[in-house]
Every structure is written in structure tokens, then in C-alpha cells.
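Report on the following structure.
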Amino acid sequence: MSQFVYESRRPVRIIPSTPGKTIVVSGIQEKTISESFTLQKIMVALKNADRDKNDSFNKDELKQALKDLGAFFPGWRSFRAFAKADANNDGQISGHEIDTLLEYLYSCGFGK
Numbered sequence: 001m002s003q004f005v006y007e008s009r010r011p012v013r014i015i016p017s018t019p020g021k022t023i024v025v026s027g028i029q030e031k032t033i034s035e036s037f038t039l040q041k042i043m044v045a046l047k048n049a050d051r052d053k054n055d056s057f058n059k060d061e062l063k064q065a066l067k068d069l070g071a072f073f074p075g076w077r078s079f080r081a082f083a084k085a086d087a088n089n090d091g092q093i094s095g096h097e098i099d100t101l102l103e104y105l106y107s108c109g110f111g112k
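Residue numbers (full-length UniProt numbering): 1 to 112.
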């Protein structure tokens with residue numbers, strides 16, 4: 001089984017955990033182990049949908065990732081995700097915007 005590692009633009013910290021098993025994933029808020037696996041599923045879907053392998057996502061690539069994650073209306077959800085994550089309005093989600101995208105998709109319940 002290969003392991004996908006998301007390379008964030010933010011500093012990555014992993015905090016050794018006690019029985020609560022809390023870690024920090026790519027500068028995002030503290031998550032439990034099960035939550036980090038959920039984020040990893042989202043990241044894998046995004047990585048697979050990145051057709052041109054430029055580590056940024058346009059609306060079509062995000063729509064495909066949302067289809068793979070089981071979204072009922074991936075076009076609408078892609079539109080909403082861009083409204084949340086595309087801070088510079090360049091039509092691409094890249095860099096720090098990817099962290100915002102991950103938080104948004106996680107809050108919507110994807111990857112579970």
C-alpha cells in the first residue's frame with residue numbers, strides 16, 4: 001500500500017500523541033488520527049484528479065475529485081469550493097488555498 005504525502009506550503013508539524021491520538025496535519029488545526037485519514041482520502045482524490053500535475057486545481061479537476069468523493073452535485077459543490085478557497089480569483093486553487101479547500105471539503109463531510 002503506497003502512502004500519499006501532501007506537501008503543504010505551510011510548515012508541517014506532527015505532534016507526538018498520547019492516548020487521545022491527536023496530530024497536526026500540514027499546519028491545519030489539530031485532528032485526531034481518524035480525521036487525518038479522512039483528510040488523506042480527500043488529498044488522494046485531489047491528487048488523482050490533477051490531470052496536468054501542476055499541484056493546482058481548476059474547476060473541472062475539482063469537479064472530478066468531488067465526483068470521486070461521492071458528491072451529489074459536484075458542479076455546484078465545485079462552484080461553492082471555489083468561492084471559499086480561491087482567494088486571489090485566478091481560477092486556480094493552489095498554494096495556501098489548498099489548505100482552505102481541504103478544510104472546506106472536510107467540513108462538508110467528504111472523505112468519510
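Virtual Cβ for every residue (Gly too), placed ideally from N, Cα, C.
Taking the C-alpha atoms as reference points, what is the distance between residue i and residue j?
i, j, result
"S107", "N54", "25 Å"
"I93", "K112", "22 Å"
"F110", "A71", "8 Å"
"M43", "F79", "18 Å"
Check this for me: beta carbons of residue i and residue j, under 8 Å apart or not?
i, j, result
"L62", "A87", "no"
"Q64", "A83", "no"
"R77", "L66", "yes"
"L69", "A85", "no"
"L101", "L39", "no"
Between the Cα of residue i and the Cα atoms of the options, which residue gives the shortest distance?
i, options, result
"K59", "H96, D99, N89 and F110", "N89"
"P74", "L105, G91 and K41", "L105"
Taking DSSP as the reference, what is the three-state secondary structure of residue i?
i, result
"K112", "coil"
"V24", "Caution is warranted here: a pLDDT of 45 is assigned to V24, below 50, making its placement in the model unreliable, and no coordinate value can be reported."
Check: What are the start and end residues of each continuous alpha helix (DSSP H) run of 4 or more residues lying completely inside the UniProt domain "EF-hand" (37-72), in chain order?
Finding: 59-68
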